Structure formats: structure tokens, C-alpha cells
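Engineer: Sharing a structure below in C-alpha cells format, with a few things to ask.
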Amino acid sequence: MTAYYLSRARLRRDPDVAALAPVLMPADDDARVHIGHRLVWTLFADGPDRRRDFLWREVAPGGARHGRGTFFILSERPPDDRISLFDLDPPKAFAPTLSPGDRLGFSLRANPVVTRSCDVDGRRRQRRHDVAMDLLRTLDGARAERRLEAITDAGRAWLVRQGERNGFRLPMPTAVCVDGYHRMRLPRASAGTRGRRGTAIEFSVLDFDGILEVLDPEVFLRGLYRGFGKGKAFGCGLMLIRRV
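One rule links them: number in my numbering = place in the sequence shown (from 1) + 1.
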């Protein structure tokens, strides 16, 4: 079985790195995600042909000063800070022992998507859509409160479906906090991404916090290691769990 490591990496606070803080951790959310993606890659880019084999998440993006530049990383290899940008905690082997019925607190930043059939050049094809944008198309003219409520409901419904495929359930779906809806727009020409250079990547982000119940530990852990939803190159998909 593949070994996994959970690590915490924090941008160094000493003067030579702190002087670059406005560049490395800009205040703008989109710019910070784009640069965070590149920063985390420095811990794993030991060869030109490397493919991403890790998930990451910035802690408290846009929040307290000491939250910026702190990343949790789940990886198949221990991170290696070759250019000395980070205070890197010793990586910990991550292989939780779980049983059916265990309840875990969780926190997840995700890009939830749905797949819809559509006609493209006369042929039926499957296309992915953000759950939020897919829903908002039907709510033109709705009040802001209604739109936010609809996004919350769509996010919870998406997470319930994730549980059905990944060995967990939400004992109280309506108690899951859904927050942080943001539409990201990032430049395409980034390490680890595919597609045409010069075109923007656009996706929506939602934050989930709540309690889940493990139904099938093996299936759940496979999902946890793989990550949930899309946008994994840009800080989405890593579910942080804790015993409750």
C-alpha cells in the first residue's frame, strides 16, 4: 500500500523571506492561490517530468496575518524544501485506523462539480459545471439571500453524493457549515496544469465544516487520499479530519 505523509509548511518569518511576503503571499485571493500552487510545487519538483502526487490547502486564506503562508499537505513523498522558503514540520506518516461508525470532524475546501449532457457540434457530450454556477443560471434575478441559500443547499447535496461514493455519510447534512463561496480566475500557464496557454482557469470554491460518519473505512481512506472534487492543483480537495 502506498505510504502517505501529512505535513505542515509555513513560510519563514526571518527577514530575507519576510521581505518577499507581499510577492509570495499577496492580499488578493486569486493571486495568492496561483502563487501558493507554485510555492507548494517547490517542495516536490525534484524532476522536470514530475506529476502532482499531493494535495494541499492554505490555512486561513485572507485571514489573520499569521495564517497566511501556512499550508497543510498530504503527499505520497515527504516534502523537500530545497530552496529554504519554509519552516517545515517533520512529515508524519498518515494512516488513520478507522472503523465503521466512527465520527470525525472534518474541514474541506472544494471545487464541487456536476456533469451535464450537452450538444457540441451536433454530438452529445458530457461537460462538467461548478455546482454553484450550474444552479445560479436558473436563479437570474433572485435576491442575494436566495442565491446564497441555494448555493449552500447545492453544496451540501454535492457533499452527500461524495459520501455515497466514498464510504461516509453526513449524520446531519443541514448542520454542515458551507461558507467561503468564491469564484476564482487564474492564469492558465501554471506548473502542473493542462490546456491552452493564455486562457484563464475559472472555478468556484466552497468551504465545508461539520461531522461525518465513516461507513467503509477502506473506501473512505481511498477517497481521502485521492481528494474530493476538482481544482486539486489549486488548494482544493484536501479533507482535514479529527476525532470527535
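Yeah, the Cβ is synthetic: ideal placement off N, Cα and C, and Gly gets one too. If you're wondering where the values come from, they're calculated on a predicted model, not measured in any experiment.
Which of the three DSSP states is assigned to D30 in this structure?
Structural biologist: Along the sequence shown, read from residue 1 onward, the residue named residue 30 stands at position 29. Note: D30 maps to helix in three-state DSSP.
Engineer: Once you ignore the five residues that flank R244 on each side, which residues in its own chain have a CB closer than 7 Å to its CB?
Structural biologist: Counting from 1 along the sequence shown, the entry for residue 244 is found at position 243. Excluding sequence neighbours, R244 sits near L105.
Engineer: Could you check where the alpha helix (DSSP H) with D103 kicks off and where it finishes?
Structural biologist: Taking the sequence shown and counting its residues from 1, the one referred to as residue 103 is at position 102. From DSSP, D103 is part of no alpha helix (DSSP H); its letter is neither H nor E.
Engineer: Return helix, strand or coil for G63, following the three-state DSSP convention.
Structural biologist: For this step, residue 63 is matched to residue 62 along the sequence shown. Caution applies to G63, whose pLDDT of 46 falls short of 50 and renders its modelled position unreliable; the value that the coordinates give is listed next. G63 falls in the coil class under three-state DSSP.
Engineer: Does the separation of the CB atoms of S8 and P92 fall below 8 Å?
Structural biologist: Looking up residue 8 in the sequence shown gives position 7. Looking up residue 92 in the sequence shown gives position 91. Yes.
Engineer: Count the other C-beta atoms from every protein chain shown that fall within 10 angstroms of the C-beta of E59, then say buried if there are 16 or more, exposed otherwise.
Structural biologist: Within the sequence shown, residue 59 is the residue found at index 58, counting from 1. With 16 or more Cβ atoms within 10 Å of its Cβ, E59 is classed as buried.
Engineer: Rounded to whole angstroms, what is the Cα-Cα separation between R223 and L56?
Structural biologist: For the purposes of this step, residue 223 is taken as the residue at position 222 of the sequence shown. For the purposes of this step, residue 56 is taken as the residue at position 55 of the sequence shown. Roughly 13 Å separates the two Cα atoms.
Engineer: Using only the alpha-carbon positions, how far apart do F169 and Q163 sit?
Structural biologist: Looking up residue 169 in the sequence shown gives position 168. Looking up residue 163 in the sequence shown gives position 162. Distance between the alpha carbons of F169 and Q163 is about 8 Å.
Engineer: May I ask you to report which of helix, strand or coil DSSP gives F95?
Structural biologist: The residue given as residue 95 occupies position 94 in the sequence shown. Note: F95 maps to coil in three-state DSSP.
Engineer: Are the segment 208-215 and the segment 76-95 touching, with three or more C-beta to C-beta distances below 8 Å?
Structural biologist: The answer is no - the segment 76-95 does not touch the segment 208-215, with fewer than three Cβ pairs under 8 Å.
Engineer: M152: buried (16+ other C-beta within 10 angstroms of its C-beta) or exposed?
Structural biologist: Residue numbering aside, residue 152 sits at position 151 when the sequence shown is read from its first letter. In the sequence on display, residue 152 carries Ile and not Met. By the 10 Å Cβ count, I152 comes out buried.
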